[in-house]
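*Asks:* Going down the list, the sequences are from chains A and B. Quick note: the first sequence uses this note's numbering, first residue 1, plus one each step. Quick note: the second sequence uses this note's numbering, first residue 376, plus one each step. Ideal Cβ positions, reconstructed from N, Cα and C, are used throughout, including at glycine. Next up is a structure, given as structure tokens.
Protein chains: 2
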Amino acid sequence: MTAPATARRTVRVDLGDRSYDILIGPGLIPAAGREIASRLKGRKIAVITDAHVAPLYLDDFMAALKAEGIEAVSLVLPAGEKTKSFEHLISVCDSVLAARIERNDAVVALGGGVIGDLTGFAAGIARRGSRFIQVPTSLLAQVDSSVGGKTGINSSHGKNLIGVFHQPDLVLADTDVLDTLSPREFRAGYAEVAKYGLIDKPDFFAWLEKNWRAVFAGGEARIEAIATSCQAKADVVAADERENGQRALLNLGHTFGHALEAATHYDSARLVHGEGVSIGMVLAHQFSARMNLASPDDGKRVEAHLREVGLPTAMDQIPGGLPPAEVLMDAIAQDKKVKGGKLTFILTRGVGQSFVADDVPQSEVVAFLKEKLPK
Amino acid sequence: MTAPATARRTVRVDLGDRSYDILIGPGLIPAAGREIASRLKGRKIAVITDAHVAPLYLDDFMAALKAEGIEAVSLVLPAGEKTKSFEHLISVCDSVLAARIERNDAVVALGGGVIGDLTGFAAGIARRGSRFIQVPTSLLAQVDSSVGGKTGINSSHGKNLIGVFHQPDLVLADTDVLDTLSPREFRAGYAEVAKYGLIDKPDFFAWLEKNWRAVFAGGEARIEAIATSCQAKADVVAADERENGQRALLNLGHTFGHALEAATHYDSARLVHGEGVSIGMVLAHQFSARMNLASPDDGKRVEAHLREVGLPTAMDQIPGGLPPAEVLMDAIAQDKKVKGGKLTFILTRGVGQSFVADDVPQSEVVAFLKEKLPK
Numbered sequence: 001m002t003a004p005a006t007a008r009r010t011v012r013v014d015l016g017d018r019s020y021d022i023l024i025g026p027g028l029i030p031a032a033g034r035e036i037a038s039r040l041k042g043r044k045i046a047v048i049t050d051a052h053v054a055p056l057y058l059d060d061f062m063a064a065l066k067a068e069g070i071e072a073v074s075l076v077l078p079a080g081e082k083t084k085s086f087e088h089l090i091s092v093c094d095s096v097l098a099a100r101i102e103r104n105d106a107v108v109a110l111g112g113g114v115i116g117d118l119t120g121f122a123a124g125i126a127r128r129g130s131r132f133i134q135v136p137t138s139l140l141a142q143v144d145s146s147v148g149g150k151t152g153i154n155s156s157h158g159k160n161l162i163g164v165f166h167q168p169d170l171v172l173a174d175t176d177v178l179d180t181l182s183p184r185e186f187r188a189g190y191a192e193v194a195k196y197g198l199i200d201k202p203d204f205f206a207w208l209e210k211n212w213r214a215v216f217a218g219g220e221a222r223i224e225a226i227a228t229s230c231q232a233k234a235d236v237v238a239a240d241e242r243e244n245g246q247r248a249l250l251n252l253g254h255t256f257g258h259a260l261e262a263a264t265h266y267d268s269a270r271l272v273h274g275e276g277v278s279i280g281m282v283l284a285h286q287f288s289a290r291m292n293l294a295s296p297d298d299g300k301r302v303e304a305h306l307r308e309v310g311l312p313t314a315m316d317q318i319p320g321g322l323p324p325a326e327v328l329m330d331a332i333a334q335d336k337k338v339k340g341g342k343l344t345f346i347l348t349r350g351v352g353q354s355f356v357a358d359d360v361p362q363s364e365v366v367a368f369l370k371e372k373l374p375k
Numbered sequence: 376m377t378a379p380a381t382a383r384r385t386v387r388v389d390l391g392d393r394s395y396d397i398l399i400g401p402g403l404i405p406a407a408g409r410e411i412a413s414r415l416k417g418r419k420i421a422v423i424t425d426a427h428v429a430p431l432y433l434d435d436f437m438a439a440l441k442a443e444g445i446e447a448v449s450l451v452l453p454a455g456e457k458t459k460s461f462e463h464l465i466s467v468c469d470s471v472l473a474a475r476i477e478r479n480d481a482v483v484a485l486g487g488g489v490i491g492d493l494t495g496f497a498a499g500i501a502r503r504g505s506r507f508i509q510v511p512t513s514l515l516a517q518v519d520s521s522v523g524g525k526t527g528i529n530s531s532h533g534k535n536l537i538g539v540f541h542q543p544d545l546v547l548a549d550t551d552v553l554d555t556l557s558p559r560e561f562r563a564g565y566a567e568v569a570k571y572g573l574i575d576k577p578d579f580f581a582w583l584e585k586n587w588r589a590v591f592a593g594g595e596a597r598i599e600a601i602a603t604s605c606q607a608k609a610d611v612v613a614a615d616e617r618e619n620g621q622r623a624l625l626n627l628g629h630t631f632g633h634a635l636e637a638a639t640h641y642d643s644a645r646l647v648h649g650e651g652v653s654i655g656m657v658l659a660h661q662f663s664a665r666m667n668l669a670s671p672d673d674g675k676r677v678e679a680h681l682r683e684v685g686l687p688t689a690m691d692q693i694p695g696g697l698p699p700a701e702v703l704m705d706a707i708a709q710d711k712k713v714k715g716g717k718l719t720f721i722l723t724r725g726v727g728q729s730f731v732a733d734d735v736p737q738s739e740v741v742a743f744l745k746e747k748l749p750k
């Protein structure tokens, strides 16, 4: 049933008395009961998942808990971004309280980023903070949203505007589940993997350029890439848990990316988050070159790698057309604060040399977007 | 307009980078604009209040903000415990986001405990944590709920089961507003003042026995009593912010009190929170005597003082009858965890000598309640 421990990696997220382990490797869903039972004082769990993930993994997961004498209830929510709403937050809270989950028990998110963000938020507010375990089932969730404690739901005023920082007590990243992802979903998660190289790990980016096929194929290279990504995010989060400074580096590619997601109305048929980040990272490198901060060759290198793995790298690859530069700029301004015509942006001096720039002229961004938008 | 600074007291709540000041004294609502403007980087505020408080203080408060160039919006909610619901939480969050309250701006709770708990929760989750200012308008809120960072709403499963710990950035306790409280409301808040003496400040309790008339009348003695209470709570909270240990002492009288509130269906015509605490504190002293922990004389002394100020001190003073001891015990068990027939309870060895007992036999509590319930 369970994989040999040698294939497994552990990343420690160091946050004082909120520190926790991320276990990464094959067979972690079948082994979940044992891993949880050995760490949890309580014997009760509420499992939150969605209609996409439940048919694939819920039975196995519940059986794994039962085998260790853990009493569990489950709640299956609709799949998709719309589930990150107050309506579903209320139903998760209600399930958790109805199951009488108390201090030593736990709430589990079994799913991708949507389920993780929603469930983490519910765990953060039920009894003013309950134990929380993440079992991320997408590559994106394994390398990004399940690390760092950001939880939340969307509001009519914008995405993720309501939530809390609530660190999990344990993350079980079962790499076997990634085999059931569509190539497009896997690639979208890979954009975030590449991001960690581009932020401050040029060696990791070079390693990915050589080894990306093995990462896509599975096995040791994939585990290595996920562990490196989790460690990279864990290091940033440990240094700046509440995003007062350097944590902003994790937004490399996200300012342009979020604007493109908003411009395509979060229609996943047109653009998913990781694809927006891929295009956004290329744009961030190109914009940095335009500002004479980086060589244009770095942008070309980033673009070549992301294109090679099959990710979109330019705005003209988004089906259905885009609004004009000024409208994209408005979307950026809604995401980031504009002070006196200046923006905070993640720019770069080259591969692995990103930095937080807080004085980017809005007019330069608009001019750049006009150049890059499909004519 | 504003009172001389000499009449004002400041209590510092020492919580590292979440430390804050509680200003206590007359004229703080008219002076609110100045006090806030000197501490807040932003210039935008969302004020949340209720239909009971708004006609009394909202205009003055908004004018005080405007005079200092602070842009403010307000939201008036229905008064009463039912407002602590997801429905109103959603509307507060929506107001805060619609007003584009950002990191350096603030959300203000202008009201009693209900408005404070609800607004603090909304501030704790809007943008994953916004600045929060408490302007408590009841004695109970000034000495209890506005200190310590507990926020929340009620659920069908129980009171305060959904919420976060979110410390305010500033508390303005304007003692002038207490003159508009009904004597019953003032007395109910006074029960919590007396509680701080009974927990671990025998000298303060003795001072109250001598000076309670001056506290009720207003002026220096009232300010002194409020400042001592806030300092007492601040000390406990600083030592144990998330209630892992000694913070439980603040629940003296609350285990019995909550059971009585539940038994009277939170009907404020029959029993308000502070009255439940008053009876609960007397019961806690009597029960401690029954367990041979304290002298019966201490219980008599506590009862005499609370009766003298006009608070109820025995269950037979609650109009409308009470359920049998077993039903009250069930309500206690819902509030507190029962392990192997044993309860955690705040007991006492005498006035100012309370302690956390975690092995109180349930059977003893039931027998005691049977004795004390009206026949």
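1. With 9 Å as the threshold, decide whether the Cβ of A708 of chain B is near any Cβ in chain A.
2. Between which residues of its own chain and L433 of chain B is the CB-CB distance below 8 Å, once the five residues before and five after are set aside?
3. Please identify, using Cβ separations under 7 Å, the residues of the region 151-170 of chain A that lie next to chain B, in order along the chain.
4. Within 10 angstroms of its Cβ, does V53 of chain A collect 16 or more other Cβ (buried), or is it exposed?
5. For Q167 of chain A, which of helix, strand or coil comes out of DSSP?
6. With DSSP as the reference, identify every bridge partner of T385 of chain B, one or two as the case may be.
7. For the beta strand (DSSP E) that contains I223 of chain A, what are its first and last residues?
8. Of all the CB atoms in chain A, is at least one closer than 9 Å to the CB of F580 of chain B?
9. In whole angstroms, what is the alpha-carbon distance linking C468 of chain B and F743 of chain B?
10. Strictly below 7 Å CB to CB, what residues from chain A border A614 of chain B?
11. Tell me which residue opens and which closes the alpha helix (DSSP H) that S738 of chain B is part of.
12. Give the residues from the region 573-601 of chain B that approach chain A closer than 8 Å (Cβ to any Cβ), ordered along the chain.
13. Determine, using beta carbons only, whether G113 of chain A and S138 of chain A come nearer to each other than 9 Å.
14. Can you list, in chain order, the stretches of the alpha helix (DSSP H) that have 4 or more residues and sit fully within the region 27-72 of chain A?
15. Rounded to a whole number of angstroms, what is the C-alpha to C-alpha distance between S155 of chain A and L89 of chain A?
16. Do we get a CB-CB distance below 9 Å when we pair G804 of chain B with the residues of chain A?
17. Since S278 of chain A is in the alpha helix (DSSP H), which residue starts that stretch and which ends it?
18. Do you know whose CA, among A:K210, A:Q167, A:A269, lies nearest A234 of chain A's CA?
19. Around the C-beta of K66 of chain A, are 16 or more other C-beta atoms found within 10 angstroms, so that it is buried, or is it exposed?
20. For L208 of chain A, which option in A:P136, A:A325, A:E308 has the closest C-alpha, if you only look at C-alpha atoms?
21. By DSSP's criteria, L172 of chain A is part of a beta bridge. Which residues make up the other side?
22. In its own chain, which residues sit with a C-beta less than 7 Å from the C-beta of L556 of chain B, not counting the 5 before and 5 after it?
23. Per DSSP, G111 of chain A is paired with what?
24. Can a CB atom of chain A be found closer than 9 Å to the CB of I465 of chain B?
25. Under 9 Å between the Cβ atoms of L472 of chain B and I508 of chain B?
26. Taking C-beta pairs closer than 7 Å, name the residues in chain B that R127 of chain A reaches, listed in chain order.
27. Could you run through the region 84-118 of chain A and flag, in chain order, every residue whose CB is less than 9 Å away from some CB of chain B?
28. If you compare alpha carbons, which of B:Q621, B:R676, B:S604, B:A447 is closest to S521 of chain B?
29. Going by alpha carbons, who is nearest to V652 of chain B out of B:I693, B:I397, B:G391?
30. Skipping 5 residues on each side, what residues in its chain have a beta carbon closer than 6 Å to that of D757 of chain B?
31. Spell out a yes or no on whether the region 293-305 of chain A and the region 236-247 of chain A are touching, meaning 3 or more CB-CB pairs, one atom from each, closer than 8 Å.
32. With a cut-off of 8 Å on the beta carbons, I'd call E275 of chain A and P312 of chain A a contact; round off their distance for me.
33. Leaving aside the five residues before and after L660 of chain B along the sequence, list all residues of the same chain whose C-beta is less than 7 Å from its C-beta, in chain order.
34. So, is D734 of chain B buried or exposed, given that buried needs 16 or more other C-beta atoms within 10 angstroms?
35. Pull up the distance between the alpha-carbon of T2 of chain A and that of S95 of chain A, whole angstroms please.
*Replies:* Concretely, from the data shown:
1. no
2. Excluding its 5 nearest sequence neighbours in each direction, L433 of chain B has C-beta neighbours in its own chain below 8 Å: V422, T424, S449, V451, L485, listed in chain order.
3. G152, S155, H157, L161, I162, G163, V164, F165
4. buried
5. Three-state result, Q167 of chain A: coil.
6. B:L398
7. Where I223 of chain A is concerned, there is no enclosing beta strand (DSSP E), although the alpha helix (DSSP H) it sits in stretches over 220-239.
8. no
9. 45 Å
10. In chain order: nothing, as chain A lies at least about 15 Å away.
11. First-last of the alpha helix (DSSP H) with S738 of chain B: 737-747.
12. With the criterion set as a beta carbon lying under 8 Å from some beta carbon of chain A, the region 573-601 of chain B has no members that meet it.
13. yes
14. 32-37, 59-67
15. 12 Å
16. Residue 804 of chain B is absent from the structure shown; chain B starts at 376 and stops at 750.
17. 273-290
18. A:Q167
19. exposed
20. For the residues A:P136, A:A325, A:E308, the minimum Cα distance to L208 of chain A belongs to A:E308.
21. A:L23
22. Answer for L556 of chain B: S513, L514, listed in chain order.
23. A:P136
24. yes
25. no
26. L536
27. F86, L89, I90, C93, D94, L97, A98, R100, E102, R103
28. Comparing Cα-Cα distances from S521 of chain B to each of B:Q621, B:R676, B:S604, B:A447, the minimum goes to B:S604.
29. B:I693
30. With chain B represented from 376 up to 750, any question about residue 757 of chain B goes unanswered, as that position is not in the structure.
31. no
32. Cβ-Cβ separation between E275 of chain A and P312 of chain A: approximately 5 Å, consistent with a contact (criterion under 8 Å).
33. One detail in the question is off: residue 660 of chain B reads as His in this sequence, not Leu. So the list reads A669, D673, G674, V677, T723, once near-sequence residues are dropped.
34. exposed
35. Caution is warranted here: a pLDDT of 49 is assigned to T2 of chain A, below 50, making its placement in the model unreliable, and the coordinate value is therefore given only provisionally. Approximately 30 Å, taken between the alpha carbons.
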